[in-house]
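For reference, the structure is listed below as structure tokens.
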Amino acid sequence: MGTYGYCAPEYQRTGQLTIKSDVYSLEVVLLELISRRRVIDTTLPSNEQNLVTWAQPVFNYTSRYVELADPLLNAEFPVRGLNQAVAAATMCLQEEAEV
156 MGTYGYCAPE YQRTGQLTIK SDVYSLEVVL LELISRRRVI DTTLPSNEQN
206 LVTWAQPVFN YTSRYVELAD PLLNAEFPVR GLNQAVAAAT MCLQEEAEV
């Protein structure tokens, strides 16, 4: 089935691999790079253990994208670049592949 956390929801439901499921997995990796968090981290509180689930509420608010950035960067990064990277992840980490 693939590694938990990287599998696209439609792949978990159908077992069919598609280009879209590959894109989903790639965007999970992008989100890991942005946030410096593991896709699954059981050392965190239960509501923060799954990276995508933790990040999804932020996806709806461009002004909150900086909350996803690696805290070790101390906000020393081009915000426009962060916004573009998070926007790409947002578009590709949808529950429904058609979206």
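Residues in the sequence shown are numbered consecutively from 156, following my numbering.
Idealized CB from N, CA, C, for every residue including glycine.
Proximity to Arg192 across Leu223, Ser180 and Cys162 peaks at Leu223, based on C-alpha coordinates. The C-beta of Tyr179 has 16 or more other C-beta atoms within 10 Å across all chains shown, which makes the residue buried.
For Asn205, DSSP records a beta bridge to Ile195. Residues Val221 and Ala224 of the same chain have their beta carbon placed closer than 8 Å to that of Ala230, with the five preceding and five following residues left out of the count. For Leu185, the closest C-alpha among the options Tyr161, Phe232, Glu250 and Arg168 is that of Tyr161.
Around the beta-carbon of Ala210, 16 or more other beta-carbon atoms lie within 10 Å, marking it buried.
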